[in-house]
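See below for the structure under consideration.
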Amino acid sequence: MNLSSVSNTVGSGFESKALVGIDASHRQNAAFDDLLRRSKEGASDDEIRTAAEQLVAATFIIPILSSVRESSMAAEPFAPTQGEKQFGALLDQQVADEIVKSSNLPIVDRLAQTFGSHSKNHSSSAGLEVTA
38 MNLSSVSNTV
48 GSGFESKALV
58 GIDASHRQNA
68 AFDDLLRRSK
78 EGASDDEIRT
88 AAEQLVAATF
98 IIPILSSVRE
108 SSMAAEPFAP
118 TQGEKQFGAL
128 LDQQVADEIV
138 KSSNLPIVDR
148 LAQTFGSHSK
158 NHSSSAGLEV
168 TA
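This is the structure we're talking about:
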């Protein structure tokens, strides 16, 4: 084994890590450019509705579901296992999202309307231009 093969192997590893870093930086810049473009255009109605649904789920539904789940006084064979305790928050999130999407809650409609009017007023009257 000679030293030139070792240095070539080590050198190529550093170069590939540098290229990965450059690629990640390029993807971040592209994502940031996309975010700037979308902020100038304003959010679509579907995005606004989704944001309102997520807000209602996180603010009102998830606390109720988690308190019900945590207050369970089930006997030992029916008590929650360690896995159920660990992943209970994920289940609460999924159930809350489904509850909000499937029910026609007036608060979601009102929030979406408020967010939408704010977004349209902000994008039309801002007059500020951000350059990268």
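The sequence shown begins at 38 in my numbering and counts up one residue at a time. Glycine residues also receive a C-beta, built at the ideal position from the N, C-alpha and C atoms.
Taking the beta carbon of V145 as the centre, do at least 16 other beta carbons fall within 10 Å, making it buried, or is it exposed? buried
Does the stretch 121-137 come close enough to the stretch 89-98 to have 3 or more Cβ pairs within less than 8 Å? yes
Which of the three DSSP states is assigned to N104 in this structure? According to the sequence provided, residue 104 is Ser. The question's Asn does not apply to it. S104: helix per DSSP, three-state reduction.
Please report how far the alpha carbon of I101 lies from the alpha carbon of L148, in whole angstroms. 20 Å
Express the C-alpha separation of G153 and E84 in angstroms, rounding to a whole number. 10 Å
Give me the Cα-Cα distance between G106 and A116, rounded to the nearest whole angstrom. At residue 106 the sequence reads Arg, which differs from the Gly that was named. In a straight line, the C-alpha of R106 is about 11 Å away from that of A116.
Indicate the three-state DSSP secondary structure (helix, strand or coil) for T118 in the structure shown. coil
Residue of G120, S81 and L128 minimising C-alpha distance to S104: L128
Might you give, ordered along the chain, the residues of its own chain that have their beta carbon closer than 7 Å to the beta carbon of P114, omitting 5 neighbours on each side? none
Just curious, the alpha helix (DSSP H) that I85 is in, first and last residue? D82 to V93
Specify the secondary structure class of N141 as computed by DSSP and reduced to three states. coil
In the structure shown, what three-state DSSP assignment does G125 receive? helix
Suppose you measure from the CA of Q150 to the CA of A112; what does that come to, to the nearest Å? 46 Å
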